[in-house]
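Participant: Residue numbers (the working numbering): 756 to 1125.
Here it is, the structure, as structure tokens.
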């Protein structure tokens, strides 16, 4: 009886994923064209930097090379108590670019922690209609800024940009697949009017919406400021949008398995804190391949084994179909079928969940928080 219930449950979950694939194909909302904008508003780009001497130079180079009217954007950088050469890089840039500014960051101002503390102090110094948050370990494409702003000009209060993990080896390509398939789901829900979360490494917020929500200060101490801000925006019935376009941010991959697991641990902690019920469902969904394999090991009935094996194969096909759909939406070359990556991703998520259960403290830039 239990076996039948589990197989039916797995089947229903996979059916819901097939519905996602169908929705992606038939209800995909394209971004507003940048050519449709006649006058570009003034915007601020916010960069929170903590020990980013390896990445910040490339980030600023790409930001300063965007195709956006000179004098219509500024770059505000917050050095969050870095102990490496981050400030030296910032000083060099503020000396050669008038619209790059270094903002002193006070630790835990008004009780805020982690990245939200930095962003709150940066946001207080903006003077444009919109501000855009980009991580210091990311680079951006030439028309990225215009693409983000074009959606806001069309009336969206919060825009999550499309972010792609830079791929150079197997481990980074695995992260790229994981990130893209997650955005696939976010895109479908956003296009159907139910944005699930915002992407804090590449996100636009209108100044008006920010003030209406009460800023990051109103969110309190949080390790997942993007999700919490999105929830606050939805309570105010603000308009949100998830982009999936070639004009994007390219983020650096996690360098080690532990850093990858630690990052997922922080995300899981945030989801369970602010969306407990849906968070449990999200975790069960993320670990589905591992769950099916475990159940398969304990089955003795050949019919049940065959059914569950078929579902495992279907899950692998679904994960790869998502990749093909993303490539098609971006007009990129197709990808090879990956048999192992979905299993490895699910296994690493399992490690993250176990790590969270054993030690609820999470970290941001190697600082621990409860």
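Quick reminder that beta carbons are idealized off the backbone N, C-alpha and C, glycines included.
Would you decide whether residue 756 is buried or exposed? Buried here means 16 or more other CB atoms lie within 10 Å of its CB.
Facilitator: So residue 756 ends up on the exposed side.
Participant: Could you pull the start and end residues of the beta strand (DSSP E) that residue 893 belongs to?
Facilitator: Unbroken beta strand (DSSP E) run through residue 893: 893–895.
Participant: Can you tell me where the beta strand (DSSP E) with residue 1081 in it begins and where it stops?
Facilitator: No beta strand (DSSP E) holds residue 1081; the alpha helix (DSSP H) holding it covers 1057–1084.
Participant: Quick one: Cα of residue 877 to Cα of residue 762, how far?
Facilitator: About 50 angstroms.
Participant: Who are the near neighbours of residue 1076 in its chain, counting only those whose CB is closer than 8 angstroms to its CB and skipping five residues on each side?
Facilitator: So the qualifying residues of the chain are 776.
Participant: Using 10 angstroms around the beta-carbon of residue 939, count the other beta-carbons present and answer buried if the total reaches 16, otherwise exposed.
Facilitator: Its Cβ being crowded by 16 or more others within 10 Å, residue 939 is buried.
Participant: On the premise that residue 917 lies in contact with residue 998, defined as a C-beta separation below 8 angstroms, what is that separation, rounded to the nearest angstrom?
Facilitator: Contact holds; Cβ gap of about 5 angstroms.
Participant: Considering only residues of the same chain and omitting the five flanking positions on each side of residue 987, which have a CB-CB separation below 8 angstroms?
Facilitator: Excluding positions up to five away in sequence, the list reads 968, 969, 973, 974.
Participant: Work out the CA separation of residue 881 and residue 799 for me, nearest whole Å.
Facilitator: For residue 799 and residue 881, the distance between alpha carbons rounds to 6 angstroms.
Participant: Tell me which same chain residues have a C-beta within less than 6 angstroms of the C-beta of residue 866, skipping the five on either side of it?
Facilitator: Excluding positions up to five away in sequence, the list reads 976.
Participant: Could you check where the alpha helix (DSSP H) with residue 1049 kicks off and where it finishes?
Facilitator: That run of the alpha helix (DSSP H) goes 1043–1052.
Participant: Within the continuous beta strand (DSSP E) that includes residue 959, where are the two ends?
Facilitator: Where residue 959 is concerned, the enclosing beta strand (DSSP E) stretches over 957–961.
Participant: Rounding to the nearest angstrom, what Cα-Cα distance links residue 779 and residue 943 in this structure?
Facilitator: Going by the C-alpha atoms only, they are around 6 angstroms apart.
Participant: Taking the alpha-carbon positions, what's the residue 826 to residue 904 distance?
Facilitator: Between residue 826 and residue 904, the C-alpha separation is close to 15 angstroms.
Participant: Considering only their Cβ atoms, is the gap separating residue 837 from residue 885 smaller than 7 angstroms?
Facilitator: Not closer than 7 angstroms, so no.
Participant: Count the C-beta pairs between the stretch 1009–1020 and the stretch 1080–1098 that are closer than 8 angstroms, then say yes if the count reaches three, no if not.
Facilitator: Too few Cβ pairs lie closer than 8 angstroms, so no.
Participant: Work out the CA separation of residue 936 and residue 697 for me, nearest whole Å.
Facilitator: Summary: the structure shown does not reach residue 697, with the chain confined to residues 756 through 1125, and so no result is reported for it.
Participant: Let me know if residue 1032 comes out buried or exposed under the rule of 16 or more other beta-carbons within 10 Å of its beta-carbon.
Facilitator: Answer is exposed; the Cβ neighbour count stays below 16.
Participant: Is the beta carbon of residue 1020 less than 7 angstroms from the beta carbon of residue 1110?
Facilitator: Yes, the pair counts as a contact, with Cβ atoms nearer than the cut-off.
Participant: Please work out which residues of its chain come closer than 7 angstroms, Cβ to Cβ, to residue 1104, disregarding the five sequence neighbours upstream and downstream, and give them in chain order.
Facilitator: Closer than 7 angstroms at Cβ, skipping near neighbours: 1019, 1041, 1042.
Participant: Kindly identify the DSSP beta-bridge partner or partners of residue 828.
Facilitator: Per DSSP, 798.
Participant: Just checking my contact of residue 1051 with residue 980 at CB under 8 angstroms: how many whole Å lie between their CB atoms?
Facilitator: No, residue 1051 and residue 980 are not in contact; Cβ-Cβ is about 40 angstroms, not under 8 angstroms.
Participant: Between which two residues does the alpha helix (DSSP H) carrying residue 869 extend?
Facilitator: Counting along the chain, the alpha helix (DSSP H) containing residue 869 begins and ends at 869–878.
Participant: Locate the beta strand (DSSP E) running through residue 886, then write down its first and last residues.
Facilitator: It spans 885–889 - the beta strand (DSSP E) in which residue 886 sits, taken as one unbroken run.
Participant: Counting pairs of beta carbons, one from the stretch 831–846 and one from the stretch 803–817, are three or more of them closer than 8 angstroms?
Facilitator: Yes, the stretch 831–846 touches the stretch 803–817.
Participant: Are the Cβ atoms of residue 1002 and residue 934 separated by less than 7 angstroms?
Facilitator: Taking 7 angstroms as the Cβ cut-off, residue 1002 and residue 934 do not qualify as a contacting pair.
Participant: Spatial neighbours of residue 821 within its chain, please: CB distance less than 7 angstroms, with the 5 preceding and 5 following residues excluded, ordered by chain position.
Facilitator: Cβ neighbours of residue 821 beyond the five flanking positions: 895, 897, 899, 900.
Participant: Measuring only the C-alpha atoms, how far is residue 1055 from residue 774?
Facilitator: Distance between the alpha carbons of residue 1055 and residue 774: 31 angstroms.
Participant: DSSP state of residue 966, grouped into three classes?
Facilitator: Helix, per DSSP.
Participant: Whose C-alpha, out of 1097, 1107, 816, 1081, is nearest the C-alpha of residue 785?
Facilitator: Minimum Cα distance to residue 785 is reached at 1081.
Participant: Express the C-alpha separation of residue 819 and residue 828 in angstroms, rounding to a whole number.
Facilitator: One C-alpha to the other measures close to 10 angstroms.
Participant: State the Cα-Cα distance for the pair residue 1079 and residue 1013, rounded to the nearest angstrom.
Facilitator: Answer to the nearest angstrom: the Cα atoms are 29 angstroms apart.
Participant: Among 772, 783, 1072, 758, which one has its Cα closest to the Cα of residue 948?
Facilitator: Comparing Cα positions, the closest option is 783.
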